[in-house]
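So the structure is just underneath, and the comments pick up after that.
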Amino acid sequence: MKLVLFDLDNTLLAGDSDFEWAQFLIEQGVLDSELYAARNHAFYEQYKAGTLDIHEFLDFQLKPLSRHARAQLDAWHADYMLQKILPIMTSAAKALVERELADADLVAIITATNSFVTAPIARAFGISHLIATEPELVNGVYTGRVAGTPSFREGKIVRLHEWLASLGKTLGDFEQSWFYSDSLNDLPLLNLVTHPVAVDPDDTLRAHAIRQAWPVLSLRS
Numbered sequence: 011m012k013l014v015l016f017d018l019d020n021t022l023l024a025g026d027s028d029f030e031w032a033q034f035l036i037e038q039g040v041l042d043s044e045l046y047a048a049r050n051h052a053f054y055e056q057y058k059a060g061t062l063d064i065h066e067f068l069d070f071q072l073k074p075l076s077r078h079a080r081a082q083l084d085a086w087h088a089d090y091m092l093q094k095i096l097p098i099m100t101s102a103a104k105a106l107v108e109r110e111l112a113d114a115d116l117v118a119i120i121t122a123t124n125s126f127v128t129a130p131i132a133r134a135f136g137i138s139h140l141i142a143t144e145p146e147l148v149n150g151v152y153t154g155r156v157a158g159t160p161s162f163r164e165g166k167i168v169r170l171h172e173w174l175a176s177l178g179k180t181l182g183d184f185e186q187s188w189f190y191s192d193s194l195n196d197l198p199l200l201n202l203v204t205h206p207v208a209v210d211p212d213d214t215l216r217a218h219a220i221r222q223a224w225p226v227l228s229l230r231s
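So the sequence shown is numbered by this note's numbering: it starts at 11 and just counts up by one.
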């Protein structure tokens, strides 16, 4: 059997959905530009450098969900998809997903970005399985806190095993396990699967991929 996992930000997307969501809220006047823009950029640079404190970032990123009604959040998200996400879904990424959906036994997106932001994006790619950081919900209302293990770095491995167990499977059930990612932050999971693939990788991941003779490809077309 074949399992295929896709990272989302800067892998399937030619950009970062987490970063763009905050930028969208700033542009809509929902978040204060002076306060939030600098922090959003700073967190993004920390992520790219591999120094991000995921809990500090999630406190920043999930708090806005707790301050607005779900209907309003969903309305904003629909505009965000049109303005920010559809333009960075490349034809090459869509074609790769289509090929893997036809060939693999199980396909999922696995991302550090929260599921409120990413679930509609996964659906837009036609991928029904999503492993993402989960915002806490109490009585249908976001609390601004995270539920369970964030799907980040080694946490992606924890969440992958939990998800497979929920399906009655283990990673060992799959003769082939593929993971496509751009980021040094995903090295733990890339080193776990049988077929790691570096996609438009950052400098650290590119150097590692070259040393390990991993495939390197680009979806920026």
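For every residue, glycine included, the Cβ atom is placed at its ideal position computed from N, Cα and C.
None of the values given here were measured: they were computed from a predicted structure.
Check	Outcome
Using the Cβ count rule (16 or more neighbours within 10 Å means buried), how would you classify Gln-38?	exposed
Please classify Val-40: does DSSP put it in a helix, a strand, or coil?	coil
How many Å lie between Gln-71 and Leu-23 at the Cα?	19 Å
Does the Cβ-Cβ distance between Ala-247 and Ile-119 come in under 9 Å?	The displayed coordinates of the chain run from 11 to 231. Any statement about residue 247 would go beyond what the structure contains.
How would you call Gln-33, buried or exposed, if buried means at least 16 neighbouring beta carbons within 10 angstroms?	buried
Based on DSSP bridge pairs, tell me the residues matched to Ser-193.	Looking at the DSSP assignment, Ser-193 forms no beta bridge with any residue, so it has no partner.
Output the residue ranges of the alpha helix (DSSP H) runs that lie fully inside the segment 100-151 and measure 4 residues or longer, sorted by chain position.	101-113 and 125-135
What is the DSSP secondary structure of Ala-157, counted as helix, strand or coil?	strand
Assuming Asp-212 and Leu-194 form a contact by the criterion Cβ under 8 Å, report the distance between their Cβ atoms to the nearest whole angstrom.	6 Å
With the cut-off set at 9 Å, would you say Ser-191 and Ala-102 are in Cβ contact?	no
Give the single residue among Leu-177, Glu-164, Val-209 and Thr-159 whose Cα lies nearest to the Cα of Gly-60.	Glu-164
Classify Val-203 as buried or exposed, calling it buried when 16 or more other Cβ atoms lie within 10 Å of its own Cβ.	buried
Could you check if Pro-97 is buried or exposed, using at least 16 other CB atoms within 10 Å of its CB as the buried criterion?	exposed
Taking Cβ positions, are Phe-16 and Phe-126 nearer each other than 9 Å?	no
Apart from the five residues on each side of it in sequence, which residues of its chain come closer than 6 Å, Cβ to Cβ, to Val-207?	Tyr-190 and Pro-225
So, for Met-91: in the same chain, excluding its five sequence neighbours on each side, which residues have a beta-carbon less than 8 Å away from its beta-carbon?	Pro-130, Ile-131 and Ala-134
Give the DSSP-derived three-state secondary structure of Trp-224 in the structure shown.	coil
Taking C-alpha atoms, which residue in Arg-221, Thr-180, Ala-217 and Leu-215 lies nearest to Met-11?	Thr-180
Residues in its own chain within less than 6 Å of Phe-162 by CB, not counting five upstream and five downstream?	Ile-64 and Ala-122
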